[in-house]
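Trainee: Below is the structure I would like to discuss, written out as structure tokens.
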Amino acid sequence: MRSSRLPAFGLAIILLLPRPAEAQQLPVIEQTLVEWVAAQKHALPNSMRNFDQEQNRNALFETMLSSIVSREWEKASQAAQKLNYQLARINEANGPFAVASDHKGVDPIVVVNMSPSRDVVVQAPHVPFEKGTAEQAITLLKNLGARAAIISGAHRCASRSFTLCNGRTAVCSGSLESFRASDVGHNTGTLFHLAHTLFSDRWKNSIVMSLHRMEADSDGVRTAVIISNGVIADDDNATTAATRLRFALSDLVKAPGRIVSCNVGSDSKYDYRPLCGFTNVQGRHVNGDKDACRFGVMQGTGRFIHLEQDRSVLDPYAENLSEIERHPFHRALIRSLSEILPAVPQR
Ligand SMILES: [Zn+2]
1 MRSSRLPAFG
11 LAIILLLPRP
21 AEAQQLPVIE
31 QTLVEWVAAQ
41 KHALPNSMRN
51 FDQEQNRNAL
61 FETMLSSIVS
71 REWEKASQAA
81 QKLNYQLARI
91 NEANGPFAVA
101 SDHKGVDPIV
111 VVNMSPSRDV
121 VVQAPHVPFE
131 KGTAEQAITL
141 LKNLGARAAI
151 ISGAHRCASR
161 SFTLCNGRTA
171 VCSGSLESFR
181 ASDVGHNTGT
191 LFHLAHTLFS
201 DRWKNSIVMS
211 LHRMEADSDG
221 VRTAVIISNG
231 VIADDDNATT
241 AATRLRFALS
251 DLVKAPGRIV
261 SCNVGSDSKY
271 DYRPLCGFTN
281 VQGRHVNGDK
291 DACRFGVMQG
301 TGRFIHLEQD
311 RSVLDPYAEN
321 LSEIERHPFH
331 RALIRSLSEI
341 LPAVPQR
């Protein structure tokens, strides 16, 4: 329901009427989801001493998200206010959507689809560093009728402190170091990870899709997409969604080595870079790892899809989103995912 400009007396009458809980809706934002997401703040690189969470914030955040899912809007709004979060509603096709964002640009942006059709949660943990991934997350959320999208608030390099989780990267300083504490794909102590665990535990068979951008290959076979199920093992028989996506996409994008999988042994002949998401903590968690912060999974649930993509794939989302439905890779991705992803179970 859109907000309308009622005369004052009309509004007063409506306010006096007793309303069922379902009718107590969130304030409506008259923007598209993509416009709203693009307008959100992100804490800048090296702008924070650490990424420690204030006490209470975890419990409040959990209350806000579970109240959104159960449509207890008043409870959700109270929690949002205490968290310094904006909580509102955006009406679009395949929606409506409840949207939540941290006014400070530190904690995650969460978008929940109130009428989902596919059992999948889309995640973009490296916004704004990885251009195009936020727009892609929102486009997939809408086009696929996904359950929800979780998008990072702070830049992955915002915090000057490091996470205790294992793995190393050179993306923040140019030389190899541990992941920064603000890198939500590599820190289990964040509200991003809390949103992930809450959704993936509640929707217990949902697929979790983590979207990433990598540098383009400069030589050899131009690999544009590296897909992984997050498990350090081959899946040559394509028992997991990620590997099925690899084969479905390759059927549509007929260029050997352009789409590869970390779980298909024969793809190693393309000598692609090992960007497989094995240290991604959301992937480890949903694959059933006991300690998602350390180790890594040798066998898992297969509920994870880690997608590394180069600029040929992501620039159209970042630069020309209004034409995205014409872009061959996007069309292939939607077609493949539509075949692979499970439907939301009927109650
Ligand atoms: Zn990434």
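Position 340 of the sequence shown, counted from 1, bears residue number 340 in this note's numbering, the numbering being contiguous throughout.
Idealized CB from N, CA, C, for every residue including glycine.
(1) So, at 7 Å on beta carbons, what are the nonlocal neighbours of Tyr270 in its own chain, with the 5 sequence-adjacent residues on each side left out?
(2) Please determine, among Pro96, Cys157, Thr239, Met298, the residue with the shortest C-alpha to C-alpha distance to Arg71.
(3) Ends of the alpha helix (DSSP H) at Ile68?
(4) Measure the C-alpha to C-alpha separation of Phe51 and Thr169 and round it to an integer number of angstroms.
(5) Following a CB-centred definition, is Glu177 positioned closer than 6 Å to any heavy atom of ligand 1?
(6) Between the C-alpha atoms of Gly283 and Thr301, what's the straight-line distance to the nearest angstrom?
(7) Which runs of the alpha helix (DSSP H) fall wholly inside the stretch 260-312 and span at least 4 residues, in chain order?
(8) What's the C-alpha gap between Phe295 and His306?
(9) Give me, in chain order, the residues of the same chain whose beta-carbon lies closer than 8 Å to that of Ala318; leave out the 5 immediate sequence neighbours on both sides.
(10) Within this structure, are the beta carbons of Ala149 and Val122 separated by less than 7 Å?
(11) Answer yes or no: the CB of Glu74 versus the heavy atoms of ligand 1, is any distance below 6 Å?
(12) For a test of the three-state rule: what should DSSP assign to Gln81, helix, strand or coil?
(13) Determine the extent of the alpha helix (DSSP H) in which Ile334 is found, giving its start and end residues.
(14) Compute every distance between the C-beta of His212 and the non-hydrogen atoms of ligand 1, then say whether any falls below 6 Å.
(15) In whole angstroms, what is the alpha-carbon distance linking Gly288 and Arg347?
(16) Is the Cβ-Cβ distance between Thr279 and Asn263 less than 7 Å?
(17) Can you give the beta carbon distance from Ser336 to Leu245, rounded, assuming they're within the 8 Å contact cut?
(18) By DSSP, does Ser322 sit in helix, in strand, or in coil?
(19) Any heavy atom of ligand 1 within a distance shorter than 6 Å of the CB on His186?
(20) State yes or no: is the C-beta of Val253 within less than 7 Å of the C-beta of His186?
(21) When the Cα of Arg156 is compared with those of Ala146, Lys142, Ala43, which residue comes out closest?
(22) Thinking C-alpha only, which one of Lys290, Asp251, Gly230, His285 is nearest Cys276?
(23) For Gly153 versus Val106, is the C-beta spacing smaller than 7 Å?
(24) How about Arg118 and Leu83: do their beta carbons lie closer than 7 Å?
(25) Take His327 and list the residues in its own chain whose beta-carbon comes closer than 7 Å to its own, dropping the five residues that flank it on each side.
(26) If I measure Cβ to Cβ from Pro27 and keep anything under 6 Å in the same chain, skipping five residues before and after, which residues do I get?
(27) Look at the alpha carbon of Pro20 and the alpha carbon of Ala93, and state the distance between them as a whole number of angstroms.
Mentor: According to the structure shown:
(1) For this step, residue 270 is matched to residue 270 along the sequence shown. Closer than 7 Å at Cβ, skipping near neighbours: Val221, Thr223, Gly257, Val260.
(2) Against the sequence shown, residue 71 aligns to sequence position 71. Checked all of Pro96, Cys157, Thr239, Met298; the closest Cα to Arg71 is Pro96.
(3) Position 68 of the sequence shown, counted from the start, is the residue given in the question as residue 68. Counting along the chain, the alpha helix (DSSP H) containing Ile68 begins and ends at 57-69.
(4) Here residue 51 is taken as the residue at index 51 of the sequence shown, counted from 1. Here residue 169 is taken as the residue at index 169 of the sequence shown, counted from 1. Approximately 18 Å, taken between the alpha carbons.
(5) Counting from 1 along the sequence shown, the entry for residue 177 is found at position 177. In this structure, Glu177 has its beta carbon at no less than 6 Å from each heavy atom of ligand 1.
(6) As a first step, residue 283 is located in the sequence shown; it is residue number 283 there, counting from the start. As a first step, residue 301 is located in the sequence shown; it is residue number 301 there, counting from the start. Cα to Cα, the separation comes out at about 10 Å.
(7) The qualifying runs are 281-286.
(8) As a working mapping, residue 295 is identified with position 295 in the sequence shown. As a working mapping, residue 306 is identified with position 306 in the sequence shown. Each residue's Cα considered, the two are about 18 Å apart.
(9) Position 318 of the sequence shown, counting from 1, holds the residue named residue 318. Take Ala318, set aside five residues on each side of it, and the residues of its chain with a beta-carbon closer than 8 Å to its own are Lys131, Gly132, Glu135, in chain order.
(10) Along the sequence shown, one-based indexing puts residue 149 at 149. Along the sequence shown, one-based indexing puts residue 122 at 122. A contact, by the Cβ cut-off of 7 Å.
(11) As a first step, residue 74 is located in the sequence shown; it is residue number 74 there, counting from the start. No; taking the cut-off as 6 Å, the Cβ of Glu74 has no heavy atom of ligand 1 nearer than that.
(12) On the sequence shown, position 81 is the one that residue 81 refers to. Secondary structure of Gln81 (DSSP, three-state): helix.
(13) In the sequence shown, counting from the first residue as 1, residue 334 sits at position 334. From DSSP, the alpha helix (DSSP H) with Ile334 extends over 328-340.
(14) Here residue 212 refers to the residue found at position 212 of the sequence shown. Remark: the shortest separation between the CB of His212 and any heavy atom of ligand 1 falls under 6 Å.
(15) Sequence index remark: in the sequence shown, residue 288 carries index 288 (1-based). Sequence index remark: in the sequence shown, residue 347 carries index 347 (1-based). One C-alpha to the other measures close to 25 Å.
(16) Along the sequence shown, one-based indexing puts residue 279 at 279. Along the sequence shown, one-based indexing puts residue 263 at 263. Result no, Cβ atoms of Thr279 and Asn263 do not sit closer than 7 Å.
(17) The residue labelled residue 336 in the question sits at position 336 within the sequence shown. The residue labelled residue 245 in the question sits at position 245 within the sequence shown. Between Ser336 and Leu245 the beta-carbon gap is near 6 Å, inside 8 Å, which marks them as a contact.
(18) As a first step, residue 322 is located in the sequence shown; it is residue number 322 there, counting from the start. Helix at Ser322.
(19) Here the question's residue 186 lines up with position 186 in the sequence shown. Checking the Cβ of His186 against ligand 1 gives no.
(20) Within the sequence shown, numbered from 1, the residue matching residue 253 stands at position 253. Within the sequence shown, numbered from 1, the residue matching residue 186 stands at position 186. No. Outside cutoff.
(21) As a working mapping, residue 156 is identified with position 156 in the sequence shown. With distances taken between Cα atoms, Arg156 lies closest to Ala43.
(22) The sequence position of residue 276 within the sequence shown is 276, counting from 1. The shortest Cα separation from Cys276 among Lys290, Asp251, Gly230, His285 belongs to Gly230.
(23) Your numbering for residue 153 matches position 153 in the sequence shown. Your numbering for residue 106 matches position 106 in the sequence shown. Cβ distance < 7 Å, so Gly153 and Val106 count as in contact.
(24) Translated into positions along the sequence shown, residue 118 becomes position 118. Translated into positions along the sequence shown, residue 83 becomes position 83. The answer is no: Cβ separation not under 7 Å.
(25) Along the sequence shown, one-based indexing puts residue 327 at 327. These residues qualify, in order along the chain: Pro316.
(26) By one-based count along the sequence shown, residue 27 stands at place 27. Leaving aside the five residues that flank Pro27 on each side, the residues in its chain whose CB is nearer than 6 Å to its CB run, in chain order, Ala88.
(27) Numbered from its first residue, the sequence shown carries residue 20 at position 20. Numbered from its first residue, the sequence shown carries residue 93 at position 93. Because Pro20 sits at a pLDDT of 45, beneath the cut-off of 50, its placement in the model cannot be relied upon, and the following sentence gives the value as read from the coordinates. Going from the Cα of Pro20 to the Cα of Ala93 covers about 25 Å.
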